[in-house]
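One structure is given here, and the rest of the page talks about it.
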Amino acid sequence: MKKLGILTHKQCDLDALCSVETMAKIIEEHYKNIEPVLITETSFLKEKMKNVRKFISIEKAKDIKLDYLLICDVNEYDRVYGIDLLKTVPIGNRYLIDHHSSNRVELEISEQNKIINKKASSTCEIIAKKMIDKKMSISNDIAYNLYLGILSDTLFFSYGATEETMHIVRKLPLVEKERLKAQKSLLELTPRQEYLLGKIEEEKVNIEGLAVYKLLMPSESQDITTLVKHNKFDERVMPTEEKPVSCFIIGIGNNYFIKFKKLADSDIDILSIAKKINGGGHKTRCAGRFYNDTYENVLTTIISEYEKNKTRTKKYKL
Ligand SMILES: [Mn+2]
31 MKKLGILTHK QCDLDALCSV ETMAKIIEEH YKNIEPVLIT ETSFLKEKMK NVRKFISIEK
91 AKDIKLDYLL ICDVNEYDRV YGIDLLKTVP IGNRYLIDHH SSNRVELEIS EQNKIINKKA
151 SSTCEIIAKK MIDKKMSISN DIAYNLYLGI LSDTLFFSYG ATEETMHIVR KLPLVEKERL
211 KAQKSLLELT PRQEYLLGKI EEEKVNIEGL AVYKLLMPSE SQDITTLVKH NKFDERVMPT
271 EEKPVSCFII GIGNNYFIKF KKLADSDIDI LSIAKKINGG GHKTRCAGRF YNDTYENVLT
331 TIISEYEKNK TRTKKYKL
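Read in order, the letters of the sequence shown are residues 31 to 348 in this note's numbering.
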């Protein structure tokens, strides 16, 4: 029996977990001599999924000899949970499925082993489309998890969803009751999330068109970035007509995770701001990071990058 390790990104979200889970099911069904080994961080989000198998931690995975490796939903070297495993597998046996546009440090995977669709809303969308196109059987559990992954990455189809996304979603064999159940479970906040939501404050910055929100937690608390990936948090930090760009600073000790969002008609190029601060993403929503820094410096840097960007955009206007 050969072993295929399946990895995804740190701070795994539901698109990550559901794409890993579905790929494991596909491999099991189509390759009888390959056993999938799912390697992710622990996450409370698994409770929302259907019929989830065991995911193991990187510590446990280190003792397992892997023959193949598949990476889902991430193509940045330092964002992969368990990246050290990559070099334990021959290059020809490494695979990637992803939908992100930023690729700061390319993973050592040959082009023919990559499926990257930057137009796809989520990795689950890419997998669902492949399954539909190849007329593979999609069980109710698989359909449910794929739907959950797409729903989560698009925040209920409000970000990054396309005609193609909706077309694929409609083809998933799920009854209305199941769709509603998935939607409801995504909406439910855990007590920890309720607490964090209440801790968000708006920062008083006097910058035209920009709203800044902060959630600052001590370093001893657990990683909260996955917990805030919920539309209740997005609603709280949503850009408005008056402030079409919003910046959400999530601080955990000295490390900061910055989420930008903007209304589609805003000229500010938030993606280039994100790229300047160790990040990337999409045109209307992207993220950056600061490591070992202070809140003051993070705020000053963001404001100065925003101001530079604003002047630049204006320069080319009539
Ligand atoms: Mn994703």
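Even glycine gets a Cβ: it sits at the ideal position worked out from N, Cα and C. In this text, all values refer to a predicted model and were calculated from it rather than measured experimentally.
Exposure label - residue i; buried when at least 16 CB within 10 Å
i: P269; result: buried
i: Y61; result: exposed
i: L210; result: exposed
i: V135; result: exposed
i: Y321; result: exposed
i: P66; result: buried
i: M161; result: buried
i: N175; result: buried
i: I121; result: exposed
i: R109; result: buried
i: H312; result: buried
i: M79; result: buried
i: F278; result: buried
i: T70; result: buried
i: H197; result: exposed
i: N284; result: exposed
i: A91; result: buried
i: R315; result: buried
i: S276; result: buried
i: G281; result: buried
i: G228; result: exposed
i: H338; result: The question names His, but residue 338 is Lys in the sequence shown. Flag for K338 reads exposed.
i: Y177; result: buried
i: K164; result: exposed
i: K95; result: exposed
Reduced DSSP category for residue i - H, G, I as helix; E, B as strand; rest coil
i: I254; result: coil
i: N147; result: coil
i: F263; result: helix
i: Y98; result: strand
i: H39; result: strand
i: V275; result: strand
i: I298; result: coil
i: V328; result: helix
i: I307; result: coil
i: I139; result: coil
i: L47; result: helix
i: D128; result: strand
i: I168; result: coil
i: N285; result: strand
i: L22; result: Nothing about residue 22 can be reported from this structure: the residues present for the chain run from 31 to 348 only.
i: G112; result: coil
i: K313; result: coil
CB-CB length for residue i against residue j, believed under 8 Å
i: K273; j: A241; result: 4 Å
i: Y286; j: D253; result: At roughly 13 Å, the Cβ-Cβ gap does not stay under 8 Å, so Y286 and D253 are not in contact.
i: K33; j: D97; result: 5 Å
i: G179; j: L44; result: 5 Å
i: L115; j: L37; result: 7 Å
i: C353; j: S87; result: It is not possible to answer for residue 353, since the shown part of the chain is limited to 31 through 348.
i: S131; j: G318; result: With 8 Å as the limit, S131 and G318 do not qualify as a contact, their Cβ atoms being about 14 Å apart.
i: Y325; j: L257; result: Not quite, the Cβ-Cβ distance comes to about 20 Å (not below 8 Å), so this is no contact.
i: E233; j: L329; result: 7 Å
Cβ-heavy atom distance, residue i to ligand 3, below 6 Å
i: S152; result: Among the ligands in the structure shown, ligand 3 does not appear; only ligand 1 can be found there.
Could you tell me which whole beta strand (DSSP E) segments of length 3 or greater appear in the stretch 54-96? 64-69
Those runs of the alpha helix (DSSP H) which lie wholly inside the stretch 172-260 and span at least 4 residues: 193-201, 206-217 and 221-228
If we count Cβ pairs, one from each stretch, closer than 8 Å, do we get three or more for the stretch 147-158 versus the stretch 122-130? yes
Taking three-plus beta-carbon pairs below 8 Å as touching, is the stretch 229-241 in contact with the stretch 187-202? no
Any chance the stretch 97-106 sits against the stretch 185-192, with 3 or more Cβ pairs inside 8 Å? no
Does the pairing of the stretch 73-93 with the stretch 47-54 give three or more beta-carbon distances under 8 Å? Using a Cβ-Cβ distance cut-off of 8 Å, the stretch 73-93 and the stretch 47-54 are in contact, since at least three pairs of beta carbons, one from each stretch, lie closer than that value.
Taking one C-beta from the stretch 218-232 and one from the stretch 260-267 each time, how about it: are there three or more such pairs within less than 8 Å? yes
Taking 8 Å as the cut-off, does the stretch 177-187 touch the stretch 146-154 (at least 3 CB pairs, one atom from each stretch)? yes
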